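One structure is given here, and the rest of the page talks about it.
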Amino acid sequence: MRGKFITFEGGEGAGKSTHVKTLAAQLKEAGIDVITTREPGGAPGAEEIRKLLVEGDTGKWDSLTEVLLHYAARQEHLEKTVLPALDKGSWVISDRFADSTFAYQGYGHQLGREAIQPIHDAVVGKTEPDLTLILDLDPEIGLARTLARTGHRNGAEDRYERMEIEFHQRLRTGFLDIAAANPGRCVIIDASQDIETVANEIWYALETRLNLK
Ligand code: TMP
């Protein structure tokens with residue numbers, strides 16, 4: 002049987018990576034075969050493209066170029082990692098997927114949904130996630146958390162973190178709009194709560210949405 006495809010989404014510092022790991026451990030404990038992966042990245046070529054996107058000047062790419070690079074990485078990720086795993090019956094948990102492009106490039110860079118949708122349809126087609134967990138957090142808090150973790154904002158992978166606060170506020174609105182438009186697939190989790198509460202809400206979402214016992 003084909004595996005389930007679960008994605009985590011949200012702004013900076015919302016705790017996605019922590020909860021990806023926790024959920025994978027819980028699923029393994031429940032006897033489910035699962036892999037964790039991330040975007041941009043998750044396959045050798047996609048990791049090379051990631052470097053182009055997350056390092057360097059904030060304004061180095063035209064917004065549509067940025068979308069194309071994210072979808073080029075996504076195509077590699079889907080073909081080389083996600084689809085083979087799902088076909089084998091393994092579950093896949095991805096730290097970010099296509100909603101990030103609609104939120105960051107569509108809302109953050111204000112490119113709009115219409116510019117992205119045809120590219121999305123060509124690459125993602127019917128491989129939509131079975132469940133998307135959106136970790137929602139005030140960007141002021143998220144960015145402060147990231148800063149506390151890294152000690153500075155000039156680490157190699159902080160190109161998006163360095164974008165103006167209004168960019169981060171717009172993409173938060175983007176994720177909330179995406180959730181409202183896709184209620185069957187998306188669950189919003191309040192990421193300002195403590196780690197254990199967030200993990201419990203994530204597990205409850207799986208139990209109720211994916212009929213996990
Ligand atoms: P990460 O910090 O969660 O690993 O993600 C890398 C950065 O890439 C993050 O700041 C969000 C950004 N991003 C986009 O702008 N568009 C996308 O489609 C994806 C997947 C990520």
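Residue numbering for the sequence shown follows our numbering, starting at 2 and increasing by one per position.
Every residue gets a Cβ at the ideal spot worked out from N, C-alpha and C, and that includes glycine.
Only a predicted model underlies this, so the values are computations on that prediction, with no experimental measurement involved.
Leaving aside the five residues that flank K22 on each side, the residues in its chain whose CB is nearer than 8 Å to its CB run, in chain order, T37.
Counting along the chain, the unbroken alpha helix (DSSP H) around I142 starts and ends at 140 to 151.
DSSP places D178 within a helical segment (H, G or I) once states are collapsed to three. With contacts defined by Cβ atoms closer than 8 Å, D191 and D137 form a contacting pair. Within the chosen limit of 7 Å, the ligand TMP does not reach the beta carbon of L24 with any heavy atom. Across the set P130, I142, L24, the C-alpha of P130 shows the shortest separation from the C-alpha of L87.
Beyond the five residues adjoining it in sequence on each side, R51 comes within less than 6 Å, by CB distance, of P41, G42 in the same chain, given in chain order.
DSSP places L136 in the strand class (E or B) of the three-state scheme. By the CB criterion at 8 Å, R146 and G14 fall inside the cutoff. The beta-bridge partner set that DSSP reports for S91 is empty.
One thing to note: I117 has its Cβ within 8 Å of the Cβ of G107. Per the Cβ contact rule, the segment 68 to 81 is not in contact with the segment 22 to 36 (fewer than 3 Cβ pairs under 8 Å).
Between the C-alpha atoms of G175 and M2 there is a straight-line separation of about 33 Å.
The alpha carbon of T19 has as its nearest neighbour, out of E141, D96, L84, the alpha carbon of D96. In this structure, G12 lies away from G185, with their beta-carbon atoms at least 8 Å apart.
In summary, T133 is buried, with 16 or more beta-carbon neighbours lying within 10 Å of its beta-carbon over all protein chains present.
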